[in-house]
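Undergrad:
Number of protein chains: 2
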Amino acid sequence: MHGHRPTLEAVAAHAGVSRATVSRVVNGGAGVRRALRERVEASVAALGYVPNSAARSLVTRRTGAVAVVIAEPETRVFSDPFFAQQLRGISRELSSCDTQLVLLLLEERADYDRVGRYLAGGHVDGALMFSLHRDDPLPSMARASGLPTVFGGRPGWPGAEDDPGLLYVDTDNRGGARQAVEHLLERGRRRIAVITGPLDQTSAQDRLDGYRDALGAAEADPALVAHGDFTAEGGERAMAELLDRSPDLDAVFAGSDLMASGALRTLRSRGRRVPEDVAVVGYDDLEPAAWAVPALTTVRQDVQDMGRMMAGLLLRRLGLEPDGVPSGTPLAPVVTPARLVVRDSS
Amino acid sequence: MHGHRPTLEAVAAHAGVSRATVSRVVNGGAGVRRALRERVEASVAALGYVPNSAARSLVTRRTGAVAVVIAEPETRVFSDPFFAQQLRGISRELSSCDTQLVLLLLEERADYDRVGRYLAGGHVDGALMFSLHRDDPLPSMARASGLPTVFGGRPGWPGAEDDPGLLYVDTDNRGGARQAVEHLLERGRRRIAVITGPLDQTSAQDRLDGYRDALGAAEADPALVAHGDFTAEGGERAMAELLDRSPDLDAVFAGSDLMASGALRTLRSRGRRVPEDVAVVGYDDLEPAAWAVPALTTVRQDVQDMGRMMAGLLLRRLGLEPDGVPSGTPLAPVVTPARLVVRDSS
DNA sequence: CAGCACCGTGAAAGCGCTCTCAGGGGTGCT
DNA sequence: AGCACCCCTGAGAGCGCTTTCACGGTGCTG
Numbered sequence: 001m002h003g004h005r006p007t008l009e010a011v012a013a014h015a016g017v018s019r020a021t022v023s024r025v026v027n028g029g030a031g032v033r034r035a036l037r038e039r040v041e042a043s044v045a046a047l048g049y050v051p052n053s054a055a056r057s058l059v060t061r062r063t064g065a066v067a068v069v070i071a072e073p074e075t076r077v078f079s080d081p082f083f084a085q086q087l088r089g090i091s092r093e094l095s096s097c098d099t100q101l102v103l104l105l106l107e108e109r110a111d112y113d114r115v116g117r118y119l120a121g122g123h124v125d126g127a128l129m130f131s132l133h134r135d136d137p138l139p140s141m142a143r144a145s146g147l148p149t150v151f152g153g154r155p156g157w158p159g160a161e162d163d164p165g166l167l168y169v170d171t172d173n174r175g176g177a178r179q180a181v182e183h184l185l186e187r188g189r190r191r192i193a194v195i196t197g198p199l200d201q202t203s204a205q206d207r208l209d210g211y212r213d214a215l216g217a218a219e220a221d222p223a224l225v226a227h228g229d230f231t232a233e234g235g236e237r238a239m240a241e242l243l244d245r246s247p248d249l250d251a252v253f254a255g256s257d258l259m260a261s262g263a264l265r266t267l268r269s270r271g272r273r274v275p276e277d278v279a280v281v282g283y284d285d286l287e288p289a290a291w292a293v294p295a296l297t298t299v300r301q302d303v304q305d306m307g308r309m310m311a312g313l314l315l316r317r318l319g320l321e322p323d324g325v326p327s328g329t330p331l332a333p334v335v336t337p338a339r340l341v342v343r344d345s346s
Numbered sequence: 001m002h003g004h005r006p007t008l009e010a011v012a013a014h015a016g017v018s019r020a021t022v023s024r025v026v027n028g029g030a031g032v033r034r035a036l037r038e039r040v041e042a043s044v045a046a047l048g049y050v051p052n053s054a055a056r057s058l059v060t061r062r063t064g065a066v067a068v069v070i071a072e073p074e075t076r077v078f079s080d081p082f083f084a085q086q087l088r089g090i091s092r093e094l095s096s097c098d099t100q101l102v103l104l105l106l107e108e109r110a111d112y113d114r115v116g117r118y119l120a121g122g123h124v125d126g127a128l129m130f131s132l133h134r135d136d137p138l139p140s141m142a143r144a145s146g147l148p149t150v151f152g153g154r155p156g157w158p159g160a161e162d163d164p165g166l167l168y169v170d171t172d173n174r175g176g177a178r179q180a181v182e183h184l185l186e187r188g189r190r191r192i193a194v195i196t197g198p199l200d201q202t203s204a205q206d207r208l209d210g211y212r213d214a215l216g217a218a219e220a221d222p223a224l225v226a227h228g229d230f231t232a233e234g235g236e237r238a239m240a241e242l243l244d245r246s247p248d249l250d251a252v253f254a255g256s257d258l259m260a261s262g263a264l265r266t267l268r269s270r271g272r273r274v275p276e277d278v279a280v281v282g283y284d285d286l287e288p289a290a291w292a293v294p295a296l297t298t299v300r301q302d303v304q305d306m307g308r309m310m311a312g313l314l315l316r317r318l319g320l321e322p323d324g325v326p327s328g329t330p331l332a333p334v335v336t337p338a339r340l341v342v343r344d345s346s
């Protein structure tokens with residue numbers, strides 16, 4: 001079985017037609033008379049023919065694969081179910097167009113060269129890129145190579161918004177944060193602190209902006225703002241800082257569930273009750289958020305669906321037609337809504 | 001920049017040599033005189049030449065890519081950072097041999113056809129397969145297609161152990177479980193219950209066997225055994241069952257951290273104190289295990305390293321030489337150790 | 001000094017596929 | 001019945017690369 005896979009030629013001989021006809025049948029069968037088509041299909045089945053993708057993409061100049069590039073310092077990817085969900089959404093969408101998913105994980109500086117070469121090497125038809133920081137070299141590499149690219153999260157590098165062809169899928173971070181903080185205000189909280197993510201990522205900046213929106217531009221007590229890095233440890237530290245600076249705070253909005261869980265830990269160890277003394281709201285609605293004690297109020301974004309949309313956007317950019325998208329839809333960035341989920345911590 | 005990538009021919013012309021010579025240089029340069037080689041290398045750099053992988057694999061019959069196949073009902077992958085870590089380990093190892101990672105996620109029955117066809121289609125040189133249940137059709141598909149394959153977790157289908165060429169990486173589930181239960185015994189617990197995973201996965205079965213080992217074969221009170229499905233909800237249900245059947249239990253060993261977290265939830269809602277009334281031990285050492293309240297005692301396995309080893313095994317099977325492996329090492333299954341991590345829940 | 005082996009290089013034959021192009025046969029129209 | 005036209009089909013030319021094979025040149029041996 002191994003090694004001698006039948007070629008187009010073999011199928012053609014078996015069916016008594018030419019290679020060209022078999023090729024046409026294999027690629028949809030348009031313009032081949034019914035009887036012939038069925039004969040060819042029978043031969044294909046009989047011989048167990050599978051097209052050789054290398055030969056095919058050599059001539060079509062398409063690979064039928066797209067890269068998913070994830071550049072993230074170890075800590076986050078490790079503990080974050082986020083990417084698994086995104087990947088699943090992406091995978092599902094891609095498979096509807098028979099497109100493969102090549103996963104490129106970057107860890108060190110040295111990986112950039114490897115990945116850049118790969119992307120420029122025409123191994124894939126397009127790319128999906130995630131969680132880039134403001135100064136990440138990847139986007140410009142992608143642009144230089146002319147590779148169609150869709151970003152996860154609104155790009156933040158200088159001039160990004162001016163690029164008319166720019167494609168991304170983002171969630172309404174600012175609106176979500178605003179909802180979270182408005183909810184705290186409604187609960188009667190008045191000294192609401194915030195733990196931000198790394199501000200060179202637009203998601204973190206947008207969530208901070210939403211916090212400010214809700215409080216009204218006037219109020220922006222710097223003693224109520226602490227910076228984290230989207231990790232639990234970062235949240236723990238930031239919470240400690242906040243308590244030292246502003247012992248009178250009565251609520252905290254954390255820019256991620258991971259940071260919120262760290263904050264909960266600090267609050268517990270300092271003897272503050274949640275939500276009686278301090279209300280806590282997170283962001284992301286990771287599954288473990290619901291297990292936390294007390295169960296975490298948070299902001300939900302449909303991560304899997306965002307993955308699906310990114311893939312859909314890229315596929316359409318490549319001229320394919322993913323399932324369930326009306327074919328006239330214009331190609332444009334997408335911002336999905338965010339929704340507050342109230343649980344016990346607020 | 002886009003569209004007109006230089007070919008071997010162009011480089012040859014630029015350097016004033018033949019295509020064959022350029023090809024040799026690009027592929028390591030063996031058997032090309034120093035001066036010529038340098039001239040060719042200069043031309044390659046000057047033109048920004050990147051080999052066309054389709055053309056190359058058309059003739060070499062190798063793709064330089066391996067598939068990572070993950071077949072898992074939604075629930076688990078979603079909430080489990082497990083796979084992200086495995087993937088990272090795999091990715092790191094593969095990139096040391098310039099091999100690409102094609103990710104294949106299966107959800108529905110229908111996906112099996114698609115993936116089977118893909119694997120049989122010669123798109124990849126080998127495959128890594130995860131978390132297969134006893135009756136999964138994938139392994140036999142892989143064997144039928146002659147695709148070199150390494151499994152994550154000891155395969156459990158009939159006859160698996162008799163296959164001399166079988167390659168897998170597993171962790172010492174049985175030993176880890178034994179450690180966990182022995183630890184509970186040392187703490188003076190006498191009525192130790194167990195929540196198993198789905199027993200058609202060897203990892204779940206092995207952990208149950210380890211539990212029995214520790215208690216001594218004699219003791220196997222069926223009232224102390226409940227079945228979960230590796231999810232938090234399953235753990236919750238199983239714990240409720242156990243409490244109903246055996247109200248006098250004083251410890252529970254859960255076959256996964258996720259199930260342990262569910263068990264904690266049930267214990268809390270039933271007013272049992274952990275660890276005073278009931279000690280709890282999990283398995284996997286997921287990051288959130290450490291945030292649980294109380295912090296979860298669990299069994300650690302180096303998941304990332306297992307991924308690395310799987311990839312390494314496959315690469316060697318493919319005749320490549322991954323970093324850091326003495327070249328004489330025989331090709332054989334690997335079982336990595338498991339280690340108890342004691343925290344507050346026991 | 002002839003002859004041999006060997007090394008480095010180039011010419012050329014494909015790898016399996018797609019797709020243009022031309023031609024054959026059928027159909028509809030006049 | 002004849003003509004134009006269109007629809008199907010097959011022949012063939014590559015896609016960019018690797019690799020065999022033959023050849024010229026060099027260094028060595030007899």
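Residue numbers (the UniProt record's numbering), protein chains in the order written: chain A, 1 to 346; chain B, 1 to 346.
Even glycine gets a Cβ: it sits at the ideal position worked out from N, Cα and C.
On a predicted model such as this, the values are computed, not experimentally measured, just so you know.
Check whether the Cβ atoms of B/G210 and B/R178 lie closer than 9 Å to each other.
TA: Cβ distance < 9 Å, so B/G210 and B/R178 count as in contact.
Undergrad: Going along chain B in order, which residues have a C-beta closer than 7 Å to the C-beta of A/R114?
TA: Residues of chain B passing the Cβ test: S95.
Undergrad: Between which two residues does the beta strand (DSSP E) holding B/V342 run?
TA: Run containing B/V342: none; DSSP gives neither H nor E here.
Undergrad: Over what stretch of residues does the beta strand (DSSP E) that includes A/T298 continue unbroken?
TA: It spans 298–300 - the beta strand (DSSP E) in which A/T298 sits, taken as one unbroken run.
Undergrad: Rounded to the nearest angstrom, how far is the Cβ of A/A338 from that of A/Q301, given a contact under 8 Å?
TA: Contact holds; Cβ gap of about 5 Å.
Undergrad: Less than 9 Å between CB atoms is the rule here; does A/L167 satisfy it with respect to chain B?
TA: Answer no: the Cβ-Cβ gap between A/L167 and chain B never drops below 9 Å.
Undergrad: Out of B/P330, B/E287, B/L47, B/V69, state which residue places its alpha-carbon closest to the alpha-carbon of residue 347 of chain A.
TA: The requested residue 347 of chain A does not occur in the structure, where chain A is confined to residues 1 to 346.
Undergrad: Residues of chain B with CB under 7 Å from A/G121, in chain order?
TA: The contacting residues are V50, S53.
Undergrad: For B/V11 and B/L47, what's the separation of their Cα atoms in angstroms?
TA: One C-alpha to the other measures close to 7 Å.
Undergrad: Could you name the residues of chain B that A/S91 contacts, counting a contact when the two beta carbons are closer than 7 Å?
TA: Residues of chain B passing the Cβ test: L103, L105.
Undergrad: If you count every other CB in all the chains shown that lies within 10 Å of the CB of A/G188, and 16 or more means buried, which is it?
TA: It is exposed - the Cβ of A/G188 has fewer than 16 other Cβ atoms within 10 Å.
Undergrad: Does A/R317 get closer than 9 Å to chain B when you measure Cβ to Cβ?
TA: Closer than 9 Å: no.
Undergrad: Short check: CB of B/D125 to CB of B/A65, under 9 Å?
TA: Against a cut-off of 9 Å, the Cβ pair of B/A65 and B/D125 comes out as a contact.
Undergrad: Looking at the unbroken alpha helix (DSSP H) that takes in B/T202, where does it start and where does it end?
TA: 202–215 is the extent of the alpha helix (DSSP H) around B/T202.
Undergrad: According to DSSP, is residue 359 of chain B helix, strand or coil?
TA: Outside the shown range of chain B (1 to 346) lies residue 359 of chain B, about which nothing can therefore be said.
Undergrad: Could you give the first and the last residue of the continuous alpha helix (DSSP H) run that contains B/V25?
TA: That run of the alpha helix (DSSP H) goes 19–26.
Undergrad: Could you tell me how far apart the beta carbons of residue 347 of chain A and A/D284 are, in whole angstroms, since I believe they sit closer than 8 Å?
TA: A question about residue 347 of chain A goes unanswered here, because the residues of chain A that appear run from 1 up to 346.
Undergrad: Buried or exposed for A/A238, going by 16 or more other Cβ atoms inside 10 Å?
TA: By the neighbour-count rule (16 or more Cβ atoms within 10 Å), A/A238 is buried.
Undergrad: Would you mind reading off the limits of the alpha helix (DSSP H) that contains B/T266?
TA: Start and end: 257–269.
Undergrad: Which term fits B/D250, buried or exposed, when burial requires 16 or more other beta carbons within 10 angstroms of its beta carbon?
TA: Buried, because 16 or more other Cβ atoms sit within 10 Å of the Cβ of B/D250.
Undergrad: Applying the criterion that 16 or more other CB atoms from any shown protein chain within 10 Å of the CB defines a buried residue, is A/L167 buried or exposed?
TA: Classification for A/L167: buried.
Undergrad: With B/T336 as the anchor, note down where its beta strand (DSSP E) starts and where it stops.
TA: Counting along the chain, the beta strand (DSSP E) containing B/T336 begins and ends at 334–336.
Undergrad: How would you write the range of the beta strand (DSSP E) that B/G152 sits in, first residue to last?
TA: Taken as a continuous stretch (DSSP letters only), the beta strand (DSSP E) holding B/G152 covers 149–152.
Undergrad: Between the C-alpha atoms of A/T202 and A/R154, what's the straight-line distance to the nearest angstrom?
TA: Straight-line Cα distance between these residues: approximately 6 Å.
Undergrad: From B/V77 to B/L224, what distance separates their C-alpha atoms?
TA: Confidence at B/V77 is low in this model, with a pLDDT of 48, below 50, so its placement is unreliable and the value that follows should be read with caution. So the alpha carbons of these two residues sit roughly 28 Å apart.
Undergrad: Cβ of A/A292 within 9 Å of Cβ of A/S261?
TA: Yes. Within cutoff.
Undergrad: If we cut at 9 Å on Cβ distances, does B/P247 have a partner in chain A?
TA: So, not an interface residue.
Undergrad: Taking the C-alpha atoms as reference points, what is the distance between A/V50 and B/S145?
TA: Cα-Cα distance, rounded: 12 Å.
Undergrad: Can you tell which of B/T21, B/R270, B/V181, B/F151 has its C-alpha closest to the C-alpha of B/M313?
TA: Rather than Met, the amino acid found at residue 313 of chain B in this sequence is Leu. The shortest C-alpha separation from B/L313 is found at B/F151.
Undergrad: Using a C-beta cutoff of 9 Å, does A/W291 count as contacting chain B?
TA: Answer yes: the Cβ-Cβ gap between A/W291 and chain B drops below 9 Å somewhere.
Undergrad: Against B/Q301, what residues of chain A qualify as contacts under a CB-to-CB distance less than 7 Å, listed in chain order?
TA: Those do not exist, as B/Q301 stays about 14 Å from chain A at its closest Cβ, beyond 7 Å.
Undergrad: Pull out every residue of the region 223–246 of chain B whose Cβ sits closer than 7 Å to any Cβ of chain A, in chain order.
TA: Answer in chain order: A232.
Undergrad: Check the Cβ-Cβ distances between A/T336 and every residue of chain B, and say whether any is below 9 Å.
TA: False, the Cβ-Cβ gap to chain B never drops below 9 Å.
Undergrad: How about B/E287: is its C-beta nearer than 9 Å to some C-beta of chain A?
TA: Interface residue, yes.
Undergrad: Use the C-beta contact count for B/C91: other C-beta atoms within 10 angstroms, 16 or more gives buried, fewer gives exposed.
TA: For the sequence presented, residue 91 of chain B should be read as Ser rather than Cys. Counting Cβ neighbours within 10 Å, B/S91 comes out buried, since at least 16 surround it.
Undergrad: Taking Cβ-Cβ distances shorter than 8 Å, what residues in chain A pair up with B/S18?
TA: Simply none; closest approach about 21 Å.
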